[in-house]
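Residue numbers (our numbering): 193 to 519.
Where is the CB? At the ideal position from N, CA and C, for every residue including glycine.
Data block below; observations after.
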Amino acid sequence: MSNLLLVVAKARGLSIFECEPETDAWQEDGEALTGHHFTSVARGDRYLLAGTTDGIFRSPDLGQTWREANAGLTHRLIRWLACHPDHPELALAGTEPAAIFVSRDGGETWQECPQVVGLRERYGWYLPYSPQAGCVRGFAFGDIRAYAAVEVGGLLHSDDRGGSWHLVRGSSGDPHAPIPEGFIHPDVHSVVIHPTSPDQVFAPTGGGLYYSSDAGTTWELLYRCYCRAVWIDPVMPGHLILGPADSVDYNGRIEESVDGGKTWRPIMTGLQALWPEHMVERFVQVEDKLLAVLSNGQLLAASLETLAWRPLMPTAQGINAVTYVSG
Numbered sequence: 193m194s195n196l197l198l199v200v201a202k203a204r205g206l207s208i209f210e211c212e213p214e215t216d217a218w219q220e221d222g223e224a225l226t227g228h229h230f231t232s233v234a235r236g237d238r239y240l241l242a243g244t245t246d247g248i249f250r251s252p253d254l255g256q257t258w259r260e261a262n263a264g265l266t267h268r269l270i271r272w273l274a275c276h277p278d279h280p281e282l283a284l285a286g287t288e289p290a291a292i293f294v295s296r297d298g299g300e301t302w303q304e305c306p307q308v309v310g311l312r313e314r315y316g317w318y319l320p321y322s323p324q325a326g327c328v329r330g331f332a333f334g335d336i337r338a339y340a341a342v343e344v345g346g347l348l349h350s351d352d353r354g355g356s357w358h359l360v361r362g363s364s365g366d367p368h369a370p371i372p373e374g375f376i377h378p379d380v381h382s383v384v385i386h387p388t389s390p391d392q393v394f395a396p397t398g399g400g401l402y403y404s405s406d407a408g409t410t411w412e413l414l415y416r417c418y419c420r421a422v423w424i425d426p427v428m429p430g431h432l433i434l435g436p437a438d439s440v441d442y443n444g445r446i447e448e449s450v451d452g453g454k455t456w457r458p459i460m461t462g463l464q465a466l467w468p469e470h471m472v473e474r475f476v477q478v479e480d481k482l483l484a485v486l487s488n489g490q491l492l493a494a495s496l497e498t499l500a501w502r503p504l505m506p507t508a509q510g511i512n513a514v515t516y517v518s519g
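Have a look at this one:
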């Protein structure tokens, strides 16, 4: 794990931590933009993007310097950012209220996707904790295809690398109507593509973990719970790790399935049995470790070999997102 940097988006600024290979300990290597509330961070080829409650910052030198990159943004409350792993100049930004902006120049400039606005207004997307009309809080890429998670609205897909967006067939887009059989819950918190095929999609929602084998046309409820984050093993795709809770931030925990979601068991080694007031917000794989960003702003890490958890950077507060740079 030599030359590994972790870029941490916090409620008060950005921090960069460097891993010491001999001890596997992390030391803070600097802070930036401490006057801004950061919500997300994403890594491109040779650049970083960081989203705030008032726009986007871009670093052309992997965190050494930052400048604003808001050209084309008409909504500046950023909920999530993602860079395409195979097309480094393509980036997506999800906002509150729910909108998607696409960049094809590495985050220098942005263009709004008008279909999302139309769907938002047609179906009355909303947030239970905000007056805004929903938000886009997750993306997944599969070559030319992309998916976007809308809270509270449904699941969107694009077949032209983010140029245009539509509801997947198994998402009604109407958060006020009953959920039809075989459809996904409309309160979608994130989305992950199965390593073997972009047609296989997992989506943590307010009603549980959903799975589709046909690009979102039909859905199966794998786990009835409240969840925001799932990780799919790229080596053993039937291996899933989920951050379920009984309701919003109540009795949060980490569980594992090795049979594609048919059965589950807790994996809480190093942790208390349940978290009464928080849960997992995001999972991030960093080489041979899995990180869990919690809703209380803490960060956990576990080796993928042992899945024994420990606090990472216990002095850091208000962590909302992480990404890494490997030299």
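The beta strand (DSSP E) enclosing residue i, as first and last residue numbers
i	result
VAL422	418-424
GLY286	283-287
GLU473	472-478
LEU434	432-437
PRO396	393-397
HIS349	346-350
For residue i, the nearest candidate out of the options (CA to CA)
i	options	result
ASP335	TYR516, GLY264, TRP272 and SER389	SER389
ARG312	ASP297, HIS229, GLU288 and GLY330	GLU288
GLU246	HIS228, LEU401 and ALA341	In the sequence as presented, Glu is not what sits at residue 246; that position holds Asp. For the residues HIS228, LEU401 and ALA341, the minimum Cα distance to ASP246 belongs to HIS228.
ASP163	PHE333, SER364 and ALA341	Summary: the structure shown does not reach residue 163, with the chain confined to residues 193 through 519, and so no result is reported for it.
TRP302	ALA261, LEU496, THR507 and TYR321	ALA261
VAL440	LEU254, GLY330, ALA465 and PRO320	PRO320
GLN509	TYR516, TYR403, ALA500 and LEU492	LEU492
LEU241	PRO306, SER518 and LEU206	LEU206
ASP391	TYR415, GLY310, TYR403 and VAL380	TYR403
GLU425	TYR415, ALA465 and GLU448	It is worth fixing the name first, because residue 425 is Asp in this sequence and not Glu. Closest option to ASP425, Cα to Cα, is GLU448.
LEU413	THR226, ARG259 and HIS377	HIS377
LEU225	GLY346, PHE331, VAL360 and ILE248	ILE248
GLY400	ALA465, PRO387, CYS419 and THR409	CYS419
ARG445	ALA283, ASP451, GLY452 and ARG457	ARG457
ASN443	ASP451, LEU432, MET428 and LEU463	LEU463
SER322	VAL308, ALA290 and GLY310	ALA290
THR455	ARG502, HIS431 and LEU265	HIS431
GLY330	ARG314, THR397, TRP467 and ARG238	THR397
PRO277	VAL427, GLY346, LEU359 and ARG238	ARG238
Sub-7 Å separation of residue i and residue j beta-carbons
i	j	result
ALA421	PHE475	yes
PRO372	VAL344	no
TRP411	GLY362	yes
VAL294	ALA513	no
GLY236	ILE270	no
LEU486	HIS470	yes
CYS305	TRP357	yes
ILE523	LYS202	The structure shown has nothing for residue 523, since the chain only spans 193 to 519.
ALA547	VAL393	Beyond the ends of the chain as shown, which are 193 and 519, falls residue 547; an answer cannot be given.
VAL380	GLY435	no
ALA407	THR461	no
ALA338	GLY354	yes
ARG268	GLY299	no
GLY255	VAL199	yes
GLU223	PHE209	no
DSSP three-state assignment for residue i, whether helix, strand or coil
i	result
GLN490	coil
PRO503	strand
VAL309	helix
ARG445	coil
ARG314	helix
TRP411	coil
ARG337	strand
ASP197	Here the sequence assigns Leu to residue 197, which means Asp is not the residue at that position. Here LEU197 sits in strand by DSSP.
THR461	coil
VAL517	strand
GLN509	coil
PRO372	coil
LEU225	coil
THR388	coil
GLY299	coil
ALA203	coil
THR536	Outside the displayed span of the chain (193 to 519) sits residue 536, for which this structure offers no information.
GLN219	strand
LYS454	coil
SER495	strand
VAL440	coil
VAL485	strand
THR244	strand
PHE209	strand
VAL294	strand
SER232	strand
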